[in-house]
Amino acid sequence: MAILIDQNTRMVIQGITGREAQMVVDHTLAYGTRIYAGVTPGKGGQNVLGVPVYDTVWEAVKKQNVNASLVVVPPAFALDAVLEAIDNGIKLIVVTTENIPQLDSVRMLYEARKKNVVIIGPNTVGIINPKDKVKMGSIGGDRPERCFVPGNVGVISRSGGMTAETSWMVKRAGFGVTTSVGIGGDSFIGSTIKDLLALFEEDKETKAVVTFSEPGTSFEEDAAQFLKEGGFTKPLVSYVAGRFTESMPEGTVFGHAGAMISGNTGRPSLKMKALQDAGAHVIERYDDVISVLKTVLGERVGGVK
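Quick note on full-length UniProt numbering: the sequence shown kicks off at 1 and runs consecutively.
Structure follows, in structure tokens:
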């Protein structure tokens, strides 16, 4: 099993005729993931590497029965694209677009929540399920199998690049992943660490979860409270990057838009303490992912032997 995506996922790519989207199509098809449709207004009737293109999501739903959308459009059009997907019954939307105006992000997330739609992102590298060879987004690039192998560990990362790196660390430990999710580097995102832990809790194949975190937001503190309340009962291995940022001027943005400390909000040291107090295995060095996973799960559980 996995969370969010599997062999029943019927993906449409909004903005499929753009340069970035065409690269994603190439890599996705090569991995073995099927793309059922693409949407670009005014480009209906074309195809991208054999994927039929429609003018509207409504057409894609009607003709291809799509149920998940990958949004790869410029920031100015992201809100309209997401609202169109929501209005046409799409229940999973992965938004790769970065630099979306915050008011647009707030509105799309509000509308999604009203309709019980799951959004990954914005500003996400995507999501991958290596057992079923299904991926949405640029995650893994042209050779996902280098980092992502099937197994029993879930991965959640606020950094796109570290989604792959963390999954590779899981592989080095002798395991593999059920699902790896880059949740996005913005302050306003659709699915937080807490949200995904709730899904991994219900997934029978996931035996543990590894998270990669950054300064900024209260995502880790919310996850810690979720652990304290018993919402997630499996082993959680957490690494929080960027402790050096606490000595920098308050309000400095460190890379991602959401990586900003304000008062006590967003401080890596406080995130680490909250997670540790809640029972997570908080590691001091990133490389410790390997030894801690081996200790927690045992060298013969799941993934690569």
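Idealized CB from N, CA, C, for every residue including glycine.
With distances taken between CB atoms, is the gap from residue i to residue j smaller than 8 Å?
| i | j | result |
| --- | --- | --- |
| Ile139 | Thr179 | no |
| Leu197 | Phe175 | no |
| Leu79 | Thr96 | no |
| Phe226 | Lys273 | no |
| Glu229 | Lys271 | no |
| Asp55 | Gly42 | yes |
Quick one: residues in its chain with C-beta nearer than 7 Å to the C-beta of residue i, no 5 flanking neighbours on either side, listed in chain order?
| i | result |
| --- | --- |
| Asn88 | Val57, Trp58, Val61 |
| Phe188 | Gln102, Ser105, Val106, Leu109 |
| Thr40 | Gly15, Ile16, Thr17, Val53 |
What does a CB cutoff of less than 8 Å around residue i pick up in its chain, not counting 5 residues either side in sequence?
| i | result |
| --- | --- |
| Ala112 | Val82, Ile86, Ile93, Val118, Ile119, Gly190 |
| Val289 | Thr166, Met169, Val170, Ala173, Val210, Val237, Tyr239, Ile283 |
In chain order, what residues of the same chain have a beta carbon less than 6 Å from the beta carbon of residue i, not counting five sequence neighbours either side?
| i | result |
| --- | --- |
| Val66 | Arg10, Val12, Tyr36, Ala37, Ala60 |
| Gln46 | Val53 |
Buried or exposed: residue i, going by 16 or more other Cβ atoms within 10 Å of its Cβ?
| i | result |
| --- | --- |
| Asp6 | exposed |
| His256 | In this predicted model, His256 has a pLDDT of only 49, less than 50, meaning its place in the structure is not dependable; the value taken from the coordinates is given anyway. With 16 or more Cβ atoms within 10 Å of its Cβ, His256 is classed as buried. |
| Asp277 | exposed |
| Ser291 | exposed |
| Met108 | buried |
| Met169 | buried |
| residue 335 | In the structure as shown, the chain begins at 1 and stops at 305. Residue 335 is therefore absent and cannot be evaluated. |
| Ala30 | exposed |
| Ser269 | exposed |
| Gly32 | exposed |
Give the C-beta separation of residue i and residue j to the nearest angstrom, bearing in mind that I take them to be a contact with Cβ-Cβ under 8 Å.
| i | j | result |
| --- | --- | --- |
| Pro150 | Pro130 | 5 Å |
| Gln14 | Val73 | 6 Å |
| Lys135 | Pro144 | 6 Å |
| Val125 | Gly160 | 3 Å |
| Ala2 | Asp203 | 7 Å |
| Val24 | Gly137 | 7 Å |
| Phe148 | Val181 | Actually they do not touch by this definition, with Cβ atoms about 12 Å apart. |
Could you pull the DSSP bridge partners for residue i from this structure?
| i | result |
| --- | --- |
| Leu70 | Ile13, Val94 |
| Leu236 | Val209 |
| Ser157 | Gly182, Phe212 |
Any heavy atom of the ligand MN inside 7 Å of the beta-carbon of residue i?
| i | result |
| --- | --- |
| Thr179 | Looking at this structure, you won't find the ligand MN or any other ligand, since it has none at all. |
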